[in-house]
Amino acid sequence: MLPTAMESTAALVNTIQTLLEQGTHPNTIGVQYASTASKDLLLASFTGAGIPCYCQYTLPLLHQPLIHQLLQVLQYIRAEQHLPGSGEALLFEVLHFPWWGIPANEPAMACMELFELRIKGSDATLLQYLHSKTKEQPTDLFWQAPAPGMAKALAALESLVAAAAQTPLPQLAHLVMERYDFDEHLQHHPQKVLQEQLVQAFIQHLKSTGTNDLETGMQQLENIQRTTGLPAAIQSGDPNGIQLLPSPMPEGRPFAYLFEIANTARTASLPQTVKKPEIPHLDDAYEARALRSFRMNVSALNTYLHCPLAFYYHNVVRIPSPRNEAMAFGSAVHHALEQLLKQAQQAEELPDAEVLLSAFMDFMQDNRALFTPAEWQRRTTYGMTMLEDYYHQRAIHWNLVAAVERNIRGVEIDEIPLKGKLDKIEFDGKKATIVDYKSGNVERALRQLQPPSEALPNGGDYWRQAVFYKLLVDNLTTRDWQVQGVVFDFIEPDAQGQYRQQSVTISAADEATVREQIRTVWHKVQRHDFYTGCGKEGCYWCGFVKRNELTIKWHQQAEEQAG
1 MLPTAMESTA ALVNTIQTLL EQGTHPNTIG VQYASTASKD LLLASFTGAG
51 IPCYCQYTLP LLHQPLIHQL LQVLQYIRAE QHLPGSGEAL LFEVLHFPWW
101 GIPANEPAMA CMELFELRIK GSDATLLQYL HSKTKEQPTD LFWQAPAPGM
151 AKALAALESL VAAAAQTPLP QLAHLVMERY DFDEHLQHHP QKVLQEQLVQ
201 AFIQHLKSTG TNDLETGMQQ LENIQRTTGL PAAIQSGDPN GIQLLPSPMP
251 EGRPFAYLFE IANTARTASL PQTVKKPEIP HLDDAYEARA LRSFRMNVSA
301 LNTYLHCPLA FYYHNVVRIP SPRNEAMAFG SAVHHALEQL LKQAQQAEEL
351 PDAEVLLSAF MDFMQDNRAL FTPAEWQRRT TYGMTMLEDY YHQRAIHWNL
401 VAAVERNIRG VEIDEIPLKG KLDKIEFDGK KATIVDYKSG NVERALRQLQ
451 PPSEALPNGG DYWRQAVFYK LLVDNLTTRD WQVQGVVFDF IEPDAQGQYR
501 QQSVTISAAD EATVREQIRT VWHKVQRHDF YTGCGKEGCY WCGFVKRNEL
551 TIKWHQQAEE QAG
């Protein structure tokens, strides 16, 4: 049987220790590695054995936690410059950065309190509300003052937003680090040398681009972040130590001894596992307040099935919604389609396309602040062309006997309260067809229409939405509608320029599956089982927790069971 990677590395360390004891100079010994995991194991093993070693490698700069945090501060400044208050979602995340020393539950509880105040009519921003919290006076023996880092963080962010308009981007990044006491933070970082190299590489990149404008510079950085992540050369260890080199080894470097850790080593005999992060829990009183009026909708169901932590942040904490041009554009299109159908029903015939286009432009004008100037221009141009084509391909065939934007409440399944908002219900007598508009890429959406399978155990989000909506209407006691089907109406064209509709066939087995998903998630929520994430690669909220060192406990689970 092949040795494990750990066993191979341990044997290599023993061999090299013997060579060093015989007088071989460390930097005349080379070790080739085939993967990042091998390199990390070698570094840890040599360091643990007290053997000096040296390695040069690359890291995707913009994907590293510290640089990601720097980017988020710059994104917050940009958002607040564009529209004060529009950076609330970023503010929530920035307040979790480790160097502030703010307990994780403090921003969470503030968001929950602000959500309740907004229901009562408050128009306070999160920044304003947090400022008021830092100035509160003790109210009783149990009153707790906000963490000192909260006032410091808010003051730093406000000063940065104020300075941004007159400060070139590279200098603004320096100013961010100054306001954050970066030097002090790095001095105590367990990976001080690495972090200093990352910061230097980031600042050097900003200077090399010659871009001083914040908006332009951030667009460039975000494009790189979505692709290569900006590879940066990193040096680790003692240049006079054992030389660790990627395989194949660069030419021109002779060694007295050259070893290679083969990639054929047996990696493990245990099943692969995912590590799920658990975060601090809220006080019982806050949990009860958050769930008191909770009703299951399909968005909450989908969110929980993707990651319980995502449910916690979106449905318990009620974090502010980020400014999102795609969502704002989708809202504009939905509004225009709703107005077209309402006018058609009043006139008992479909009006001209101008009604649709005018309603779209009215929404875009009224909500111009939700877009940057470039986004607004691009989206209006595209939207006008798209909607006119949609009108002639799809809208002229509409069934005008329909209910529009129907809110459904008061439905219970297995004593679980459900709710939902349906874009449209078309009728043929009592026979009902539920229609849901979808914007975005049609081809990418097809996976979300798939029922459960080995590759997609819980089924796609759109499939589950279709079944959920049918259950919702079928169990509506105030109506005797008979749901014939659910149709997704794609309002953006496919690659061939066609506007597609996709019907979902729903079986009794499908309904039983989604009912069980509803029951399972509901009972987990009622047990407050939403503090541990999914641990999956690419999960936004698990990544947020890991980047900001919020984990209080790790849970391991076999990957094939992690779902």
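In the working numbering, the protein residues as written are 1 to 563.
Virtual Cβ for every residue (Gly too), placed ideally from N, Cα, C.
For the putative contact between Q465 and V316, defined by C-beta atoms under 8 Å, what is the C-beta separation to the nearest angstrom?
Their Cβ separation, rounded to whole angstroms, is 22 Å, which puts Q465 and V316 out of contact at 8 Å.
How many angstroms separate the CA atom of A232 from the CA atom of R226?
Rounded to whole angstroms, A232 to R226 spans 16 Å at the Cα level.
Could you check which residue in A164, V161, T134 has the C-alpha nearest to that of M150?
Checked all of A164, V161, T134; the closest Cα to M150 is T134.
Where R323 and P146 are concerned, what is the direct C-alpha to C-alpha distance, given to the nearest angstrom?
Near 27 Å, if we compare the C-alpha coordinates of P146 and R323.
Do Q517 and K276 come within 8 Å of each other at the CB atom, strictly closer than that value?
For K276 and Q517, no; Cβs fall outside 8 Å.
Considering only the beta carbon of each residue, do P351 and A344 sit closer than 8 Å?
Closer than 8 Å, so yes.
Just mark S269 as buried or exposed, buried being the case when its beta carbon has 16 or more other beta carbons within 10 Å.
Only weak support exists for where S269 lies, its pLDDT of 44 falling under 50; the value from the coordinates is given anyway. When all chains shown are included, S269 counts as exposed.
For A562, which residues of its own chain have a beta-carbon under 6 Å away from its beta-carbon, when the five flanking residues on both sides are left out?
Reliability fails at A562, whose pLDDT of 44 lies under 50, so the model's placement of it is uncertain and no value is given.
Within 10 angstroms of the Cβ of P320, are there 16 or more other Cβ atoms? Answer buried if so, exposed if not.
So P320 counts as buried.
Rounded to whole angstroms, what's the CA-CA distance from E469 to H189? Just pull it up for me.
The sequence given here places Tyr at residue 469; Glu does not occur at that position. Roughly 51 Å between the two C-alpha positions.
Buried or exposed: W554, going by 16 or more other Cβ atoms within 10 Å of its Cβ?
Exposed: under 16 other Cβ atoms inside 10 Å.
Along the chain, where does the beta strand (DSSP E) containing S35 start, and where does it finish?
Counting along the chain, S35 falls outside any beta strand (DSSP E), and DSSP gives it neither H nor E.
Residues in its own chain within less than 6 Å of E412 by CB, not counting five upstream and five downstream?
Around E412: no qualifying Cβ.
Pull up the CB-CB distance for L357 and W398, whole angstroms please, since I reckon it's below 8 Å.
Actually they are not in contact, since the Cβ atoms of L357 and W398 sit about 16 Å apart, beyond 8 Å.
Inspect the CB distances between the segment 447 to 457 and the segment 274 to 294 and report whether three or more fall short of 8 Å.
Touching, no, given that fewer than three Cβ pairs across the two stretches are closer than 8 Å.
Check P190 in the structure and name its three-state DSSP category.
Coil.
Please return the same chain residues whose Cβ sits closer than 7 Å to the Cβ of V467, not counting the five positions on each side in sequence.
So the list reads I506, D510, E511, V514, once near-sequence residues are dropped.
Of the residues Q75, A332, T28, which one's Cα is nearest the Cα of R379?
Selected option, being the one with the closest Cα: A332.
Distance check for Q22 and C539, CA to CA, integer angstroms please.
Whole-angstrom Cα-Cα distance: 50 Å.
Tell me, to the nearest whole angstrom, how far the beta carbon of Q498 is from that of L449; I am working on the premise that it is less than 8 Å.
About 17 Å; that fails the 8 Å criterion.
Can you find the residues in the same chain that come closer than 7 Å, C-beta to C-beta, to A164, ignoring five residues on each side of it along the sequence?
Around A164: I77, Q81, L172, L214.
Any heavy atom of the ligand FMN inside 7 Å of the beta-carbon of T227?
Summarising the ligand content, the structure contains no ligands, and the ligand FMN is consequently not present.
Roughly how many angstroms lie between the CA atoms of L387 and K438, to the nearest whole one?
One C-alpha to the other measures close to 13 Å.
May I have the straight-line CA-CA distance separating I279 from Y312, to the nearest angstrom?
Distance between the alpha carbons of I279 and Y312 is about 10 Å.
Quick check on the burial criterion: 16 or more other C-beta atoms within 10 angstroms. Buried or exposed for A11?
Exposed, since its Cβ has fewer than 16 Cβ neighbours within 10 Å.
What does A575 pair with, by DSSP beta-bridge criteria?
Since the first residue shown for the chain is 1 and the last is 563, residue 575 is missing from the structure and cannot be characterised.
Are Q235 and Q56 close, meaning C-beta to C-beta below 8 Å?
A contact, by the Cβ cut-off of 8 Å.
State the DSSP-derived secondary structure class of P168, mapped to helix, strand or coil.
Coil.
Taking only runs that begin and end inside the segment 296 to 332, name each unbroken alpha helix (DSSP H) of 4 or more residues, in chain order.
Whole alpha helix (DSSP H) segments, 4+ residues: 298 to 306, 308 to 311.
Classify H523: buried if its beta carbon has 16 or more other beta carbons within 10 angstroms, exposed otherwise.
Flag for H523 reads exposed.
Secondary structure at L589, three-state DSSP: helix, strand or coil?
Because the chain is modelled from 1 through 563, residue 589 falls outside the range shown and cannot be assessed.
Beta strand (DSSP E) containing Y57: first to last residue?
Looking at the DSSP string, the run of the beta strand (DSSP E) that includes Y57 is 53 to 60.
According to DSSP, W554 sits in a beta bridge with which residue or residues?
Answer by DSSP bridge pairing, in chain order: P277.
Quick check on the DSSP output: what are the complete beta strand (DSSP E) runs of length 3 or more inside the segment 348 to 419, in order along the chain?
Listed in chain order, they are 402 to 413.
Find the nearest neighbour of T228 within the set L62, D123, A353, judged by alpha-carbon distance.
Among L62, D123, A353, the Cα nearest to that of T228 belongs to L62.
Out of curiosity, what's the CA-to-CA distance linking M296 and V193?
Using only the alpha carbons, I get a separation of about 48 Å.
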